[in-house]
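Please read the structure below before turning to the comments.
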Amino acid sequence: MNGSNSESEKAWSTRIVSDNGDRWESAALIAEDGIDLRDPKLSIMPDGWLMLIMGGSVYDDKGTEDENIVHRDFDAEPSGNSPDC
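Residue numbers (the numbering used here): 4 to 88.
Written out as structure tokens, the structure is:
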């Protein structure tokens with residue numbers, strides 16, 4: 004899910020989870036200060052980890068796009084471990 008905050012006009016994504024596929028709830032808000040995150044995609048890595056990939060734009064003080072980045076986020080085991088990258 005994507006959205007934007009009317010104060011900053013920067014985009015964010017929400018990670019949602021479900022135990023049964025019928026009922027969904029928010030598990031995490033994914034945002035980065037000063038970065039406009041958009042177009043989230045999921046990818047299953049060869050070792051079984053689930054990776055969330057999003058594009059991000061950084062704007063200068065005049066609102067001109069200054070830089071593009073790729074943001075990645077991995078699911079975590081209950082122990083909090085995540086893959087080495």
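Glycine included, C-beta positions come from ideal geometry on N, C-alpha and C.
Going by DSSP in three states, residue i sits in which element: helix, strand or coil?
| i | result |
| --- | --- |
| K44 | strand |
| K71 | Looking at the sequence provided, one finds Asn at residue 71 rather than Lys. Note: N71 maps to strand in three-state DSSP. |
| G58 | strand |
| D76 | strand |
| M4 | Here M4 scores only 46 on pLDDT, less than 50, and its place in the model is too uncertain to base an answer on. |
Since residue i sits in a beta bridge, which residues does DSSP pair it with?
| i | result |
| --- | --- |
| A31 | R18 |
| D39 | S60 |
Report the CB separation of residue i from residue j in whole angstroms; it is logged as a contact under 8 Å.
| i | j | result |
| --- | --- | --- |
| V73 | I56 | 6 Å |
Where does residue i land, buried or exposed, given buried means 16+ other C-beta within 10 angstroms?
| i | result |
| --- | --- |
| L40 | buried |
| P43 | buried |
| W27 | exposed |
| I38 | buried |
| S21 | exposed |
Does the region 54 to 67 touch the region 24 to 32, meaning 3 or more C-beta pairs lie closer than 8 Å?
no
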